[in-house]
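To keep things clear, I will list the structure first and then write my remarks on it.
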Amino acid sequence: MAGSNPNAKPMNLKLRVWRQPNRQTEGRIVEYDVKDISPDMSFLEMLDVLNEDLLHKSQDPVAFDHDCREGICGSCDLFINGRSHGPEKGTTTCQLHMRKFSDGDTITIEPWRANAFPVNKDLSVDRSAFDRIIQAGGYVSVNTGGAPDGNEIPIPKDIADRAFEAATCIGCGACVAACKNASAMLFVSAKVSQLALLPQGQVEAKTRVENMVAQMDIEGFGACSNIGSCAAECPVGISLENIAILNREFLVAKAASNNLA
Amino acid sequence: MSRALFGKASIRPYLWAAQNDLFPVDKFMNWFTKTFTSSIGRKIIMSLTGLFLCSFLVVHLVGNFQLFSHDDGVAFNTYSHFMGHNPIIRTIEWGLVLGFGFHIYEALVLTQRNKKARPHGYDQWEAKQNSEWTSRNMGILGSIILVFLIVHLYNFFWRARFGTPDPDINHNDNLYKVVVTSFHQLWYVILYVAAQASLGYHLWHGFRSGFQTLGLNHRKYMPLIKNFGYAFAVLVSAGFASMPLYFYLFTNDQGALKDGVAVTLQHLTLAFN
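Those protein sequence lines, which keep their order, are chains A and B. Under my numbering, think of the first position of the first sequence as 1, with each following residue one higher. Under my numbering, think of the first position of the second sequence as 262, with each following residue one higher.
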């Protein structure tokens, strides 16, 4: 199987893949050989090759999450060689290319590991915990009326930029997977600060952070130790500064909100 | 006041006041305890107690530098007497007990919570590629410091408060002698130096981390806080470790400089004069 680059030499790899039939059954690592992998393939395309192989042998293909395959949906969630989304910095698994590996490499592929992210099957995990955190307050519900004039609400450029940076979080869960404590603090902080930084989000700022943090704790994520693995492994580079913003927002809300419960 | 809230609790007499809205105990305790038992709340307690303990380290270190004053421990014993008998210091001491207590308690609770958050580990785990060793091993480092703390408290604090050390020339307890004797035992010196190395690594991550948890991370000041924390970690741990090393290597049983050391020091002083 040749790639688009005629000089690229195809690779043979050994894969160690986590196979688990369902949530209730304990899984195990299974080894597979894949041959003639083009260095121009994405990691997911390499897994497609493996699955076609397995189908030809009438075996169960490896289940893994994927959707847009262009790095914006946050679906592909593979823990590759001990790191979220593999060895390359600032990429999702679908944007990781096989040229980052060498012929003859052994690659270990595991699902995200967290109590809040149960494994559905093989490498596919249930990340609906993130959805429930968003449902707890990660939105603006005030009635904004008709479409306002573009610059009616003045927002300084640097604030708009920081809110945008936080908003680039694609909710892939790499932060949770990489964190020693399986903490979701980077995700929650991005979702809290993207709204807290903007005037539209400030109306509900206090209830938002209280409810989202409460939901985060209910889901069973760990606590933050400021280790920084999350930010280092984040495909879109959400920074630890957001966690500081989250903590500030939380403290202010707890001290000053009208919520006595 | 709804019946649902108090139906079960009405048998508890102390809630009578709350039921009559004299003092809304349950409401107050509710948001307050919820805040400090949440994951962020517990981290805030960790950071506040940790930074408070950092301030204690400074006082303890500066005071202990009097061990180096070459006066057979007179200054150190006077200082120790003050620290052991001044009512203000004795009151603050309870704050220190609470500081250590909460820091250790929250560490245990958080560790348990964090372990539960990942019941199934990874087959391959390359955390060293994305984070510092110290930051991932605060619990181990803290445990070493705790073992040290227990030995340390038994040896010095317990003896000073409840023992009967010999008096010095000012009739203060001669704790200097206790220090000198302790620091001539090799196992003790090794324990102390190892514990101070652990403390250094603990502070290396802990100092900066405390500020981050309190939300004090600003792009203007964080580099300063970070570098100050690194310097703090090195200076404090090296400062404390210098004491057992000094007495073990350079002094005799009485705490006076060994002959060879004294002569070398004299030569050095002359050379720089």
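Think of the CB as a built atom: it goes at the ideal place given N, C-alpha and C, for glycine as much as any other residue.
For the region 195 to 221 of chain A, the set of residues with a beta-carbon nearer than 8 Å to any beta-carbon of chain B comprises V213, A214, M216, D217, G220 and F221, in chain order. Residues of the region 474 to 490 of chain B with a C-beta less than 9 Å from any C-beta of chain A: T474, L475, G476, L477, N478, H479, R480 and M483, listed in chain order.
Secondary structure at L198 of chain A: coil, using DSSP grouped into helix, strand and coil. Only those residues of the region 221 to 241 of chain A whose C-beta falls short of 8 Å from the nearest C-beta of chain B are listed: F221, G222, A223, C224, S225, N226, I227, G228, S229, A232, E233, L240 and E241. In this model, I107 of chain A and F317 of chain B are separated by some 49 Å (Cα to Cα).
By the criterion of a C-beta distance shorter than 6 Å, E367 of chain B is surrounded in its chain by R303, I306 and M307, once the five residues flanking it on both sides are discounted. In the DSSP annotation of this structure, Y507 of chain B is not part of any beta strand (DSSP E); the continuous alpha helix (DSSP H) holding it starts and ends at M483 to F511. By the neighbour-count criterion, in which 16 or more other beta carbons inside 10 Å mark a residue as buried, P235 of chain A falls on the buried side. In the structure shown, K14 of chain A falls within a strand segment according to DSSP collapsed to helix, strand and coil. Chain-ordered, the chain A residues with CB closer than 9 Å to the CB of G382 of chain B read R113. For S316 of chain B, no CB of chain A lies under 7 Å from its own CB, so it is not counted at the interface with that chain.
A straight line joining the alpha-carbon of F417 of chain B with that of V439 of chain B spans about 8 Å. Identification of chain A residues near I305 of chain B by a Cβ-Cβ cut-off of 8 Å yields N247 and L251, ordered along the chain. Of all alpha-carbon atoms in A:C73, A:S102, A:E249 and A:G27, the one lying nearest the alpha-carbon of T91 of chain A is that of A:C73. I159 of chain A and R69 of chain A have their C-alpha atoms roughly 30 Å apart. Under the DSSP assignment, Y32 of chain A falls in the beta strand (DSSP E) whose first and last residues are R28 to I37.
Check the Cα spacing between D161 of chain A and each of A:Q59, A:G228 and A:S193: the tightest is with A:S193.
For F164 of chain A against L123 of chain A, the beta-carbon gap comes to about 31 Å, at or over 8 Å, which does not count as contact. In the DSSP annotation of this structure, the continuous segment of the beta strand (DSSP E) that includes K121 of chain A starts and ends at V119 to K121.
What E110 of chain A touches in chain B, judged by beta-carbon distance under 9 Å, is Y383, D384 and Q385, going in chain order. At least 7 Å separates the CB of R99 of chain A from every CB of chain B. For E241 of chain A, there is no enclosing beta strand (DSSP E); the residue is part of the alpha helix (DSSP H) that begins and ends at E241 to A256. Residues of chain B whose Cβ lies closer than 9 Å to the Cβ of K191 of chain A do not exist; the shortest such Cβ separation is about 15 Å.
Contact annotation: in the region 121 to 136 of chain A, no residue has its CB less than 7 Å from a CB in chain B. In the DSSP assignment, no residue is bridged to R374 of chain B.
By the Cβ-count criterion, S38 of chain A is buried, with 16 or more other Cβ atoms from all chains shown falling within 10 Å of its own Cβ.
For E110 of chain A, the enclosing beta strand (DSSP E) begins and ends at T106 to P111. Chain A has no Cβ within less than 7 Å of the Cβ of T530 of chain B. Bridge partners of F79 of chain A according to DSSP: A:S84 and A:E110. Annotated as proximal: V119 of chain A and Q20 of chain A, with beta-carbon spacing under 7 Å.
Contact check between the region 351 to 363 of chain B and the region 382 to 394 of chain B: fewer than three CB pairs, one atom from each, fall below 8 Å, which does not count as touching. Exclusion of the five residues before and after W112 of chain A leaves D77, F79, V125, G173, V176 and A177 as the residues of its chain whose Cβ lies within less than 7 Å of its Cβ. DSSP, read as helix, strand or coil, puts G71 of chain A in coil. Within 10 angstroms of the beta-carbon of D60 of chain A lie fewer than 16 other beta-carbons, which makes it exposed.
Non-local C-beta neighbours of L312 of chain B in its own chain, meaning closer than 7 Å and more than five positions away in sequence, comprise G471, ordered along the chain. With respect to chain A, the C-beta atom of W394 of chain B has no partner C-beta closer than 7 Å.
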